[in-house]
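Numbering of the sequence shown is given in the working numbering, commencing with residue -10 and proceeding in unit increments.
The beta carbon of each residue, even a glycine, is placed where N, CA and C say it ideally should be.
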Amino acid sequence: MKNTILSLVFFLFVCALSQTFSQQVKIIEPITLLASGFEEYNMPKISPDGKKVAFGGLGNNGIFITDYFGSEIKQLTYYAAAGWNMKWSANSEAITTRVNFWEDDFKTKKSAVMMFDLQGKEQNLSGSLDEVGMPFWSLDGNSVWWEEGISNFKSFTLIIGGDQSFKVSNSRNIIEVENGIPTILKPVEGEYLFVEWTPDNTKAAISVAGKGIFVYDTKTEATYDFGMGEYPSWINNEHLIFMVVKDDGHEIKDSEIYCYKYDGKFLADLTYGFDKPALYPWVSRDGKIVFQSPDGKIYKMQIDID
């Protein structure tokens, strides 16, 4: 009898806890299809203002763009690898990314940091290079920075006189530069796959190979270990989403999108009941989320957090 009562109390506690979580995250728009067709689409990224969605094609080649609320899909560029981890500007008016291409002899492979506006106008910011790191926007959005070799930082200035503070990352650490002074941050040991900052640039969500997601708070210097997950994206300065993938070592069996608070508090499984693995989620400041399925289709949904 005692065990029965304890079990009932535990069950009611779990139900109450689940209800609290569900009250914090509300589904405003359920999961619906955004883009599909003959082309396979990958790694969608919604603009910070929630109006446009960009995504790569097969093998992350090229960049395609469409409206969040649906419109014709337009191809911005055909460059190889352009869709891999591209980055929107804070004002949602441009995208910067690293691309690959062949020299005129069709024998020499080169890379470059490129910028594209929403009409597809391109600008080569770095010139042709043998190797270059992924680009990052400066904190004020007035310049683009990248790494050529270890800690050899280059930039392209869009607006003269802007703040030259920036944060970049590679597979080893995070480099923060303020007033021309670099600081190396290594809050977690391991290989950094993705590093994403909150809108106010005070917290970094770090996806570490084989370890999951960690959040590092630069103000308190506290590090929160989620123990799982990869590919984080911030909704605001407090909440983020990420994917939790299950595979057998060869094939993805399942993937859910979770919503968490920065301190490791679980809030919701956003794709519970969805019949496909949900991969590479990205979220706008107003809670619009886009993600892909393994068959190259792009889906969308919207949430609100109390």
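Throw me the rounded Cβ distance for the residue i and residue j pair, which I believe falls under 8 Å.
| i | j | result |
| --- | --- | --- |
| VAL278 | LYS286 | The sequence given here has Ile at residue 278, not Val. Not a contact, Cβ separation roughly 15 Å. |
| LYS40 | ASP56 | 7 Å |
| GLN291 | ILE62 | The Cβ separation is near 20 Å, so there is no contact. |
| SER132 | PHE145 | 6 Å |
| ALA79 | TRP135 | With 8 Å as the limit, ALA79 and TRP135 do not qualify as a contact, their Cβ atoms being about 17 Å apart. |
| THR191 | ASN225 | Wrong, their Cβ atoms sit about 12 Å apart, outside the cutoff. |
| ASP38 | SER273 | 7 Å |
With 16 other CB atoms within 10 Å as the buried threshold, where does residue i fall?
| i | result |
| --- | --- |
| SER115 | buried |
| LEU268 | buried |
| MET104 | buried |
| ASN168 | exposed |
| GLN281 | buried |
| TYR67 | exposed |
| TRP223 | buried |
Roughly how many angstroms lie between the CA atoms of residue i and residue j, to the nearest whole one?
| i | j | result |
| --- | --- | --- |
| ARG87 | LEU182 | 16 Å |
| LEU47 | GLU28 | 7 Å |
| ILE310 | VAL157 | As displayed, the chain neither begins before -10 nor continues past 295, which places residue 310 out of reach and without an answer. |
| VAL233 | MET32 | 15 Å |
| ILE149 | LYS143 | 16 Å |
| PRO221 | ILE195 | 7 Å |
Based on Cα-Cα distance, which residue from the options lies nearest to residue i?
| i | options | result |
| --- | --- | --- |
| PRO176 | TYR213, GLY169, PHE142 and VAL166 | TYR213 |
| ALA69 | SER78, VAL102 and LYS110 | VAL102 |
| ILE246 | PHE58, LEU229, VAL184 and TRP126 | LEU229 |
| LYS96 | ASP258, ASP119 and ILE84 | ASP119 |
| LEU128 | ILE294, GLY238 and SER154 | SER154 |
| ASP293 | ILE241, VAL204, PRO221 and LEU259 | LEU259 |
| PRO283 | ARG274, ASP264 and ALA71 | ASP264 |
| LYS208 | LEU174, ILE241 and GLU219 | LEU174 |
| GLY130 | ILE84, GLU240 and ALA198 | ILE84 |
Counting along the chain, where does the beta strand (DSSP E) carrying residue i start and finish?
| i | result |
| --- | --- |
| PRO270 | 268 to 272 |
| GLY45 | 41 to 45 |
| TRP73 | No beta strand (DSSP E) contains TRP73, which DSSP labels as neither H nor E. |
| THR260 | Premise fails: THR260 is in no beta strand (DSSP E) and is neither H nor E. |
| HIS228 | 228 to 236 |
| ASP189 | Unbroken run through ASP189: none, as it is neither H nor E. |
So that I know if they touch, is there some Cβ in chain B lying closer than 7 Å to that of residue i?
| i | result |
| --- | --- |
| ILE16 | The structure shown has no chain B; it contains just one protein chain. |
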